[in-house]
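Numbers -10 to 57, taken from this note's numbering, label the letters of the sequence shown in order. Ideal placement from N, C-alpha and C gives every residue a C-beta, glycine not left out. Just so you know, these numbers come straight off a predicted model, no measurement behind them.
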Amino acid sequence: MPSHVYKKIEAVESSTEGLQAVIERGVPKAAKSVHNIRWFEVVAPRGTVDDGKTANWQVTIKIGFTLN
């Protein structure tokens, strides 16, 4: 089995559409400039409140990828 070396970066994405939308948009955006992505980890979900309702979701995502 081949051995791999991995690196992790953090990305922050936000959306008014909920946590799932934030995650589903954040990883593909990162994949445009980071190659060989292998996993992601949701680190810090947050949100803002406006008039007593959830207005915006923001998530910090750690993204792991293999180095060439």
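- Just so you know, the alpha carbons of I52 and A44 end up roughly 26 Å apart.
- Residue environment analysis places V38 among the exposed positions, since fewer than 16 neighbouring C-beta atoms fall within 10 angstroms of its C-beta.
- Nearest C-alpha to F54 among W46, H24, V48 and V31: H24.
- The beta carbon of S4 is closer than 6 Å to those of A10, V11 and W46 in its chain, skipping five residues each way along the sequence.
- According to the DSSP secondary-structure assignment, T55 is paired through a beta bridge with Y(-5).
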